[in-house]
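Asker: Under UniProt numbering, the sequence shown has 24 at position 24, and the numbering climbs by one with no breaks.
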Amino acid sequence: MPTRPKTMLTIAEVLDEIDVPKSTFYRWLNTGRGPKSLKLPNGKRKVRRCDLDAWLSTFEQTAA
């Protein structure tokens, strides 16, 4: 049975992928410079994979 791709990432998974400290990531979120995120009723914050990918794509540079 094929596994379904993970669509919701924990903050720890996001931090591991983008390799920044937690304090930097939360500063980005608080200043509107980070990816869209969800704060769930249990207080945990998650990031949709598609939102992280979209945010990361804003940093791509085209060849000159």
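Glycine included, each C-beta is placed from N, C-alpha and C at the ideal position.
Are the CB atoms of residue 36 and residue 20 within a distance shorter than 9 Å?
Answerer: No, these two residues do not count as a Cβ contact at 9 Å.
Asker: Can you list, in chain order, the stretches of the alpha helix (DSSP H) that have 4 or more residues and sit fully within the UniProt domain "Helix-turn-helix" (8-57)?
Answerer: Listed in chain order, the complete alpha helix (DSSP H) runs (minimum 4 residues) inside the UniProt domain "Helix-turn-helix" (8-57) are 11-18, 22-30 and 49-57.
Asker: Select from 60, 62, 52 and 57 the residue whose C-alpha is nearest the C-alpha of residue 16.
Answerer: Minimum Cα distance to residue 16 is reached at 52.
Asker: In whole angstroms, what is the alpha-carbon distance linking residue 58 and residue 44?
Answerer: Answer to the nearest angstrom: the Cα atoms are 26 Å apart.
Asker: Given this structure, state the Cα-to-Cα distance separating residue 26 from residue 6, to the nearest angstrom.
Answerer: When rounded, the distance between both Cα atoms is 22 Å.
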